[in-house]
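Anchor point for the sequence shown: position 63 equals 62 in numbering that gives the first Met the number 0, and the numbering is continuous, going up by one each time.
One structure is given here, and the rest of the page talks about it.
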Amino acid sequence: MSNNPVRYVTRSAAAAATTIGVAAAAAGTAVAAAAVAASVVLSPVPDAATRLEGVHADLQRAVELRQLTAEQALRFEEKLAGRILGEA
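Rendered as structure tokens:
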């Protein structure tokens with residue numbers, strides 16, 4: 000008797016398990032993304048001072064990582080401060 004049918008069934012089952020695993024991981028990722036989005040949408044809007052502190056901290060981190068120069072960060076922070084305070 001030939002082993003080909005057994006090998007085919009084994010490979011097919013492995014392929015199906017991989018496909019199911021990938022689909023489950025994708026579904027889990029989608030659920031996690033939806034939960035994060037919902038938490039962002041439903042969370043209270045921080046006040047202007049808190050937002051500006053966050054912007055400043057983020058820009059300082061970008062300067063430390065050499066993604067921006069200090070001058071670029073300063074100009075960008077001034078621009079955002081005008082927008083944030085204009086909304087308040």
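Quick reminder that beta carbons are idealized off the backbone N, C-alpha and C, glycines included.
| query | result |
| --- | --- |
| For Leu58 and Ala80, which I take to be in contact (beta-carbon distance under 8 Å), what is that distance rounded to the nearest angstrom? | Going by Cβ atoms, the distance from Leu58 to Ala80 rounds to 11 Å, so no, they are not a contact pair. |
| Just how far apart, CA to CA, sit Glu70 and Ser42? | 33 Å |
| Would you identify the three-state DSSP class for Ser38, choosing helix, strand or coil? | helix |
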